[in-house]
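Here the first sequence is numbered in the numbering used here, starting from 10 and rising by one per residue. C-beta: ideal position from N, C-alpha, C; glycine also. It should be emphasised that the depicted structure is a prediction, and the values quoted were computed from it without experimental measurement. Below is one structure, written out as structure tokens; the observations come after it.
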Amino acid sequence: MLPSASDLLAWYDRHRRRLPWREALRDPYRIWLSEVMLQQTTVAAVTPRWRRFLDRFPTVEGLAAAPWEAVAEEWAGLGYYARARNLHACAQAVTARGGFPDTVEGLRALPGIGAYTAAAVAAIAFDRPVVPLDGNVERVTSRVKAVEEPLPAARPRLAALAQGWMSQSAAQARPADFVQALFDLGATICTPRNPACALCPWQAGCEGRKAGIAASLPRKAPRAARPTKFGVHFLLRDDEGRLLLRRRPPTGLLGGMLGLPGTPWREESWAEEEALAFAPVAALDWRPLPGEAKHGFTHFELRMSLLTATAPPALRTEGEWWPPPAAAQALPGAMRRLLTLAEGAGAMASPVPRAPRPGPRKRTQTGRPA
DNA sequence: AAAGCGGGGGC
DNA sequence: GCCCCAGCTTT
10 MLPSASDLLA
20 WYDRHRRRLP
30 WREALRDPYR
40 IWLSEVMLQQ
50 TTVAAVTPRW
60 RRFLDRFPTV
70 EGLAAAPWEA
80 VAEEWAGLGY
90 YARARNLHAC
100 AQAVTARGGF
110 PDTVEGLRAL
120 PGIGAYTAAA
130 VAAIAFDRPV
140 VPLDGNVERV
150 TSRVKAVEEP
160 LPAARPRLAA
170 LAQGWMSQSA
180 AQARPADFVQ
190 ALFDLGATIC
200 TPRNPACALC
210 PWQAGCEGRK
220 AGIAASLPRK
230 APRAARPTKF
240 GVHFLLRDDE
250 GRLLLRRRPP
260 TGLLGGMLGL
270 PGTPWREESW
280 AEEEALAFAP
290 VAALDWRPLP
300 GEAKHGFTHF
310 ELRMSLLTAT
320 APPALRTEGE
330 WWPPPAAAQA
340 LPGAMRRLLT
350 LAEGAGAMAS
360 PVPRAPRPGP
370 RKRTQTGRPA
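Given below as structure tokens:
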């Protein structure tokens with residue numbers, strides 16, 4: 010007996026989340042943008058960034074015509090920067106062919122659109138009866154059917170289960186709502202910890218609940234330990250207080266984004282003399298800042314230290330000079346932390362913008378660092 | 001099949 | 001501190 014699509018849709022009509030991209034009815038550009046931003050990223054993090062992105066790039070044609078530097082700046086801080094590179098390439102492909110394809114196969118062929126996003130856009134923007142398998146749907150399906158096989162091996166089985174539920178006539182009548190109902194069930198009731206089974210429209214037929222193992226599903230393969238890596242970065246300020254930034258290589262970690270010049274990141278720490286070989290200009294009075302900036306990546310923990318110097322007038326070196334507030338906006342989070350470290354040490358001519366604090370605040374003194 | 005790829009929030 | 005998040009691409 011299938012879990013009732015009709016029961017789930019009735020629950021959805023009463024309890025669905027009000028999300029801004031759900032007001033963009035059948036606009037594939039806005040729905041696609043939301044889906045890409047939501048890849049491994051929470052609704053709370055995406056919401057303000059989705060609005061801001063659309064203010065700057067209201068149409069897919071406008072996004073396609075924009076320079077990469079503008080797209081990178083708009084994506085800075087959101088993470089997984091290959092998404093931004095693929096987003097830009099996808100916008101150009103869509104513009105060239107005169108609009109979004111309306112089938113799973115057509116969408117799947119575009120840059121940055123995998124099995125999940127192709128199904129999500131097809132279902133939500135074009136009402137195709139396909140179920141995208143995301144973390145929510147994995148959780149709901151594995152619990153309802155008490156699937157104990159661990160991920161990722163169980164993924165094909167879970168996808169087939171969810172797609173089978175779509176075969177009911179109530180789901181076929183409202184494919185976009187049915188998949189979003191599955192998302193909302195997973196996000197608000199069938200949560201990773203402490204699922205609210207008593208409120209669930211599917212509690213009666215849930216085999217995981219019956220067996221008392223729902224909260225422990227889906228099972229997952231154990232994850233590898235994260236090593237620590239070290240890097241030394243260079244904060245070079247010119248006579249106007251601007252900072253030297255460089256564009257990172259187009260692929261790899263933080264690919265295509267701006268950053269402070271620095272050493273490679275490796276598991277062995279760096280001696281200062283050794284690091285100086287990577288300085289933008291070696292023959293300057295580089296001074297170490299006390300402390301370090303830490304940043305957690307998915308697969309390693311990074312500890313960065315900072316050397317600072319003042320650039321002589323008319324210095325010529327590769328890179329761009331950015332005023333600190335604009336730099337903080339354009340940098341990925343890991344690099345932003347270095348600016349925060351420098352500000353804390355009083356090494357910046359102007360403060361790095363931060364969340365507003367109550368009450369008046371003493372300005373960092375302008376001029377020579379203490 | 002496994003690894004590389006960010007950042008933030010909840011507990 | 002650990003886990004998870006509307007995953008995709010490359011090897």
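Locate the alpha helix (DSSP H) running through residue i, then write down its first and last residues.
{"i": "Thr349", "result": "342–353"}
{"i": "Ser178", "result": "178–182"}
{"i": "Gly173", "result": "164–174"}
Determine the closest residue to residue i out of the options, with distance taken between C-alpha atoms.
{"i": "Ala233", "options": "Ala286, Phe309, Cys199, His304", "result": "Phe309"}
{"i": "His304", "options": "Gly88, Arg61, Ala207, Phe66", "result": "Gly88"}
{"i": "Phe66", "options": "Gln48, Thr51, Leu96", "result": "Leu96"}
{"i": "Ala100", "options": "Pro289, Trp41, Ser314", "result": "Trp41"}
{"i": "Gly271", "options": "Thr104, Pro165, Ala288, Pro37", "result": "Ala288"}
{"i": "Pro341", "options": "Phe306, Gly353, Ser314", "result": "Phe306"}
{"i": "Arg164", "options": "Asp143, Ser178, Gly173", "result": "Asp143"}
Run through DSSP, which three-state label would residue i get?
{"i": "Val130", "result": "helix"}
{"i": "Arg232", "result": "coil"}
{"i": "His308", "result": "coil"}
{"i": "Phe287", "result": "helix"}
{"i": "Lys371", "result": "Note that Lys371 has pLDDT 24, beneath the 50 cutoff, so the model's placement of it is unreliable and no number is given."}
{"i": "Ser43", "result": "helix"}
{"i": "Pro297", "result": "strand"}
{"i": "Ser151", "result": "helix"}
{"i": "Gly2", "result": "Residue 2 falls outside the range modelled here, since the chain spans only 10 to 379, and no answer is possible."}
{"i": "Ser359", "result": "The predicted model places Ser359 with a pLDDT of 49, which falls under 50 and marks its position as unreliable, so this point remains unresolved."}
{"i": "Thr319", "result": "strand"}
{"i": "Ser225", "result": "helix"}
Please report the distance separating the alpha-carbon of residue i from that of residue j.
{"i": "Leu443", "j": "Gly240", "result": "Any property of residue 443 remains undetermined from this structure, which presents the chain solely from 10 to 379."}
{"i": "Tyr21", "j": "Phe192", "result": "10 Å"}
{"i": "Val139", "j": "Val113", "result": "8 Å"}
{"i": "Trp279", "j": "Glu329", "result": "26 Å"}
{"i": "Thr56", "j": "Thr50", "result": "10 Å"}
{"i": "Thr319", "j": "Ala356", "result": "10 Å"}
{"i": "Leu11", "j": "Arg92", "result": "36 Å"}
{"i": "Leu28", "j": "Ala284", "result": "48 Å"}
How close, in whole Å, do the beta carbons of residue i and residue j come, if the pair is a contact with beta carbons under 8 Å?
{"i": "Pro120", "j": "Val188", "result": "Actually they do not touch by this definition, with Cβ atoms about 23 Å apart."}
{"i": "Phe194", "j": "Val149", "result": "Position check: residue 194 holds Leu in this sequence, whereas Phe was assumed. That belief holds up - the Cβ atoms of Leu194 and Val149 are roughly 6 Å apart, short of 8 Å."}
{"i": "Leu254", "j": "Ala336", "result": "6 Å"}
{"i": "Gly264", "j": "Arg275", "result": "About 18 Å separates the two Cβ atoms, so there is no contact after all."}
{"i": "Ala205", "j": "Ile198", "result": "5 Å"}
{"i": "Pro333", "j": "Leu348", "result": "6 Å"}
Is any non-hydrogen atom of the ligand NAP found closer than 7 Å to the C-beta of residue i, if you look at the structure I gave you?
{"i": "Gln49", "result": "Ligands displayed in this structure: none; no statement on the ligand NAP is therefore possible."}
With residue i as the anchor, note down where its beta strand (DSSP E) starts and where it stops.
{"i": "Glu327", "result": "Counting along the chain, Glu327 falls outside any beta strand (DSSP E), and DSSP gives it neither H nor E."}
{"i": "Phe243", "result": "237–246"}
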